[in-house]
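Undergrad: Could you have a look at this structure, given as structure tokens, before my questions?
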Amino acid sequence: MVALGQIVDNSAVPALINLLEDPEDSVRSSAAETLGQIADNSAVPALIKRLEDPIYFVRYYAAESLGKIGDKLAIPGLIKLLEDPEDFVRDIAAVAIGKIGDKSVIPALMQLLEHPIDCVRDSAALTLGQIGDKLAIPGLIKLLEDPDDFVRDSAALALGQIFDNLPSPVSMNAIFLDSCL
Numbered sequence: 001m002v003a004l005g006q007i008v009d010n011s012a013v014p015a016l017i018n019l020l021e022d023p024e025d026s027v028r029s030s031a032a033e034t035l036g037q038i039a040d041n042s043a044v045p046a047l048i049k050r051l052e053d054p055i056y057f058v059r060y061y062a063a064e065s066l067g068k069i070g071d072k073l074a075i076p077g078l079i080k081l082l083e084d085p086e087d088f089v090r091d092i093a094a095v096a097i098g099k100i101g102d103k104s105v106i107p108a109l110m111q112l113l114e115h116p117i118d119c120v121r122d123s124a125a126l127t128l129g130q131i132g133d134k135l136a137i138p139g140l141i142k143l144l145e146d147p148d149d150f151v152r153d154s155a156a157l158a159l160g161q162i163f164d165n166l167p168s169p170v171s172m173n174a175i176f177l178d179s180c181l
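This is how it looks when you write it as structure tokens:
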């Protein structure tokens, strides 16, 4: 099935969407992965539905494909996936949100910086770094004092990504000082 995606044949999309409902886990996950390689927007609603699949690797490939397609309709489902019980599913959801890059997710991600589960805070911080908006700076600065090492590291990494995208060191200093007040 992955070979179909490498051909990038949009005529295969309806059949692949139907395969997302297949009873076999491996068929659903392969269909989700292939739809991401084709990157046709018509697959977005069916892939969003698979974000709630009971099988973690189906959720993973659905999230990955939604990130490749880049449709903003996927954002609410991907944000919900940041609380998935599987680490790598949360991570790919964060990557997908970052690829979509819609700044409307920043308030929801900022709330997740205070989530009681460490991995959720970690994924939210990484996603904010990918988006690269200075609005995230105050929340990320607070995370530098998080009790979890990984969360602190992710906050520092995210701040670095944001600062790298700023126009000049003077602006960076001004933004940093403003966020501390």
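When we follow my numbering, the leftmost residue of the sequence shown carries the number 1, and every step to the right adds one. We treat Cβ as the ideally placed atom computed from N, Cα and C, and that holds for glycine.
Start and end of the alpha helix (DSSP H) containing residue 154?
TA: Unbroken alpha helix (DSSP H) run through residue 154: 149–164.
Undergrad: Taking DSSP as the reference, what is the three-state secondary structure of residue 14?
TA: Of the three classes helix, strand and coil, the one that applies to residue 14 here is helix, per DSSP.
Undergrad: Determine the DSSP secondary structure at residue 21, reduced to helix, strand or coil.
TA: Of the three classes helix, strand and coil, the one that applies to residue 21 here is coil, per DSSP.
Undergrad: Which whole runs of the alpha helix (DSSP H) in the segment 81–137 are 4 residues long or more, in chain order?
TA: The qualifying runs are 87–100, 106–112, 118–131.
Undergrad: Give the single residue among 86, 62, 68, 88 whose Cα lies nearest to the Cα of residue 77.
TA: When only C-alpha atoms are compared, the closest one is 62.
Undergrad: Find the nearest neighbour of residue 166 within the set 155, 146, 131, 17, judged by alpha-carbon distance.
TA: Of 155, 146, 131, 17, the residue nearest in Cα terms is 131.
Undergrad: Do you know offhand how far residue 140's Cα is from residue 69's?
TA: Distance between the alpha carbons of residue 140 and residue 69: 28 angstroms.
Undergrad: If residue 137 sits next to residue 159, beta carbons under 8 angstroms apart, how far is it from one beta carbon to the other, in whole angstroms?
TA: The Cβ separation is near 7 angstroms, so the contact holds.
Undergrad: Among 57, 11, 42, 129, whose alpha-carbon lies nearest the alpha-carbon of residue 184?
TA: The question about residue 184 has no answer, for the chain in this structure spans 1 to 181.
Undergrad: Cutting at 6 angstroms between CB atoms, please list the residues of its own chain near residue 83, excluding the five before and the five after it.
TA: The residues are 120.
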